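Engineer: Numbering (the working numbering), first residue to last: 65 to 180.
#1: Across the region 143-157 and the region 104-113, are there enough close Cβ pairs to call them in contact, namely three or more that are closer than 8 Å?
#2: To which residues does DSSP link residue 94 through a beta bridge?
#3: Pop quiz: residue 81 and residue 102 are said to be a contact at Cβ under 8 Å. What is the actual Cβ separation, rounded to whole angstroms?
#4: Considering only residues of the same chain and omitting the five flanking positions on each side of residue 75, which have a CB-CB separation below 8 Å?
#5: When you compare only the Cα positions, how much space is there between residue 112 and residue 124?
#6: Buried or exposed: which applies to residue 85, given that a residue is buried once 16 or more other Cβ atoms fall within 10 Å of its Cβ?
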């Protein structure tokens, strides 16, 4: 899994949930900061230092392969985050417009009722 500190929500000092990327299935997922701890999560260099022999070589090669794929994955994640924010903003604006229409209609009904 990758936790990229360059992503806004993953920067230190931010209280938002963390966005992770799973290298195994190219999926993104959200994790609370409270759950981001060992043994579930471990810094890759520390993990590699604990391995020996062929296990260390295999894990290091796997990590190098994932590192090569990371730039494209980061671009995908950034796009997904941007699209989610844009959809949220569009929904907020649509809701705001709907409320204004309803207020105008209610005001029109009220004005029409008072004239009758």
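Idealized CB from N, CA, C, for every residue including glycine.
The structure presented is a predicted model; accordingly, all values stated were derived computationally and were not measured.
Structural biologist: Checking against the coordinates, here is how it stands:
#1: no
#2: Looking up residue 94 in the chain shown gives position 30. According to DSSP, residue 94 bridges with 83.
#3: Here residue 81 refers to the residue found at position 17 of the chain shown. Here residue 102 refers to the residue found at position 38 of the chain shown. Not really, about 19 Å apart at Cβ, beyond 8 Å.
#4: For the purposes of this step, residue 75 is taken as residue 11 along the chain shown, with counting starting at 1. Cβ neighbours of residue 75 beyond the five flanking positions: 69.
#5: For the purposes of this step, residue 112 is taken as residue 48 along the chain shown, with counting starting at 1. For the purposes of this step, residue 124 is taken as residue 60 along the chain shown, with counting starting at 1. Residue 112 and residue 124: Cα-Cα distance of roughly 7 Å.
#6: In the chain shown, counting from the first residue as 1, residue 85 sits at position 21. When all chains shown are included, residue 85 counts as buried.
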